[in-house]
Amino acid sequence: MTPVPKVEPPQTCSDFRPISITPIFARLMGKAITKDYLYPILMHPDYSHLFEDQFAFRHTDSTTAALIYLLHTLTELLQTHDYVHVIALDFSKAFDSVRHHSLVSRLANFTLPDYLHNWIVNNLSGRQHQTKLDGNVSPMLPINASIIQGCALGPVEYVFTASDLHPASSPANRLCEYADDTYLLVPAENSLSTPQEIQHISD
Numbered sequence: 771m772t773p774v775p776k777v778e779p780p781q782t783c784s785d786f787r788p789i790s791i792t793p794i795f796a797r798l799m800g801k802a803i804t805k806d807y808l809y810p811i812l813m814h815p816d817y818s819h820l821f822e823d824q825f826a827f828r829h830t831d832s833t834t835a836a837l838i839y840l841l842h843t844l845t846e847l848l849q850t851h852d853y854v855h856v857i858a859l860d861f862s863k864a865f866d867s868v869r870h871h872s873l874v875s876r877l878a879n880f881t882l883p884d885y886l887h888n889w890i891v892n893n894l895s896g897r898q899h900q901t902k903l904d905g906n907v908s909p910m911l912p913i914n915a916s917i918i919q920g921c922a923l924g925p926v927e928y929v930f931t932a933s934d935l936h937p938a939s940s941p942a943n944r945l946c947e948y949a950d951d952t953y954l955l956v957p958a959e960n961s962l963s964t965p966q967e968i969q970h971i972s973d
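Take 771 as the starting number for the sequence shown in my numbering and just add one per residue.
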């Protein structure tokens, strides 16, 4: 793992993004699995409703699509409400906090071939990482959380992990997600539900 600065100059550990250096074969395998098996699930009629407000790490979505959805939803709500609360949230260390056992349990809810599910389980089991910075190398340490940043599988695994994040008061309140950047829209008549929604997202 090689830390890449998110800001210049970095001052603390949180100013770095941990990019995993993985073998080329593993990266190619991850891309093939993502393209041929995981992306189709995101678009599958039985599951697409779980991902309709997520605009990151999907084959056909982008920041532009997220902005259009956010502005369209806001405009639509303002046609019938005096005002709309827009609360912008950014989860701290969202990728690092993805627990492998939770991810595996979530994937079991989707139609994946057994051999692929078992491969993903095996890929996440017994993982260790080592950090290299300025010629210094840390000892190998076991990890049971975090996706593999720098690998095609990692981002879409986060999307599956966050697939159950939806408003508690739906469809009155809305969410717009781009990776871990989340926008909560609460119309005026539903203002009292705002604390409940914030707690729901936090949970």
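Don't be surprised by glycine CBs; every beta carbon is placed ideally from N, CA and C.
Subject >> DSSP bridge partner residues for residue 951 (one or two, in chain order) >> reply: Here residue 951 is taken as the residue at index 181 of the sequence shown, counted from 1. Answer is 860 and 948, bridged to residue 951.
**OP:** Determine, using beta-carbon pairs with one atom in the segment 838-852 and one in the segment 890-910, whether at least three such pairs fall under 8 Å.
**Re:** No: fewer than three Cβ pairs fall under 8 Å.
**OP:** Let me know the beta strand (DSSP E) ranges lying completely inside the segment 823-867, each 3 residues or longer, listed in chain order.
**Re:** Counting whole runs of 3 or more residues, the segment 823-867 contains the beta strand (DSSP E) stretches 854-860.
Original post:
What residue from 865, 924, 928 and 970 has the CA that sits closest to residue 939's CA?
Top reply: Along the sequence shown, read from residue 1 onward, the residue named residue 939 stands at position 169. Answer by Cα proximity: 970.
Original post:
Do residue 779 and residue 786 have their CB atoms nearer than 9 Å?
Top reply: Translated into positions along the sequence shown, residue 779 becomes position 9. Translated into positions along the sequence shown, residue 786 becomes position 16. Taking 9 Å as the Cβ cut-off, residue 779 and residue 786 do not qualify as a contacting pair.
Subject >> Sufficient close CB pairs (3 or more, under 8 Å) joining the segment 951-962 to the segment 853-873 >> reply: At 8 Å Cβ cutoff, the stretches touch.
Subject >> Contacts around residue 859, its chain only, beta-carbon distance under 6 Å, and the 5 residues preceding and following it disregarded >> reply: Taking the first residue of the sequence shown as 1, we reach residue 859 at position 89. Excluding residues within five positions, the ones whose Cβ falls inside 6 Å are 952.
Original post:
Which word fits residue 932, buried or exposed, when buried means at least 16 other C-beta atoms lie within 10 angstroms of its C-beta?
Top reply: Stepping through the sequence shown from its first residue, residue 932 is reached at position 162. Note on residue 932: 16 or more other CB atoms within 10 angstroms of its CB, so buried under the neighbour-count rule.
Original post:
Looking at the unbroken beta strand (DSSP E) that takes in residue 931, where does it start and where does it end?
Top reply: Reading the sequence shown from its first residue, position 161 is the one you call residue 931. In the DSSP assignment, residue 931 falls outside any beta strand (DSSP E) and within the unbroken alpha helix (DSSP H) covering 923-931.
Original post:
Considering only C-alpha positions, which residue in the set 774, 914, 942 and 936 is nearest to residue 973?
Top reply: Here residue 973 refers to the residue found at position 203 when the sequence shown is read from its first residue. If we check each option's Cα against that of residue 973, 936 comes out closest.
Original post:
Cα-Cα, which of 866, 871 and 822 is closest to residue 918?
Top reply: For the purposes of this step, residue 918 is taken as the residue at position 148 of the sequence shown. Taking only the C-alpha atoms, the option nearest residue 918 is 866.
**OP:** Would you kindly report the start and end of the unbroken alpha helix (DSSP H) that includes residue 964?
**Re:** For the purposes of this step, residue 964 is taken as residue 194 along the sequence shown, with counting starting at 1. Residues 964-972.
Subject >> Limits of the alpha helix (DSSP H) - the one that residue 786 falls within >> reply: Your numbering for residue 786 matches position 16 in the sequence shown. Going by DSSP, residue 786 is part of no alpha helix (DSSP H) but of the beta strand (DSSP E) stretching over 786-789.
**OP:** Quick one: using the 10 Å Cβ neighbour count with 16 as the cut-off for buried, is residue 869 buried or exposed?
**Re:** For this step, residue 869 is matched to residue 99 along the sequence shown. Exposed, since its Cβ has fewer than 16 Cβ neighbours within 10 Å.
Original post:
In the DSSP assignment, what residue or residues form a beta bridge with residue 899?
Top reply: Mapped onto the sequence shown, residue 899 falls at position 129. According to DSSP, residue pairing for residue 899 in a beta bridge involves 911.
Original post:
Of the residues 873, 774, 888 and 885, which one's Cα is nearest the Cα of residue 915?
Top reply: Taking the first residue of the sequence shown as position 1, residue 915 is located at position 145. Considering only alpha carbons, the answer is 873.
**OP:** Would you grab the beta carbon distance between residue 801 and residue 949 for me? Rounded to a whole angstrom, and I think it's under 8 Å.
**Re:** As a position in the sequence shown, residue 801 is number 31, starting the count at 1. As a position in the sequence shown, residue 949 is number 179, starting the count at 1. About 19 Å; that fails the 8 Å criterion.
Original post:
Apart from the five residues just before and just after residue 946, which ones in its own chain have a Cβ nearer than 8 Å to its Cβ?
Top reply: Within the sequence shown, the letter at position 176 stands for residue 946. Closer than 8 Å at the Cβ level, and outside the excluded window around residue 946, lie 823, 825, 836, 839, 840, 843, 952, 953 and 955.
Original post:
Candidates 799, 963, 830 and 912: which alpha carbon is nearest residue 812's?
Top reply: Sequence index remark: in the sequence shown, residue 812 carries index 42 (1-based). Checking every option, the nearest Cα to that of residue 812 belongs to 830.
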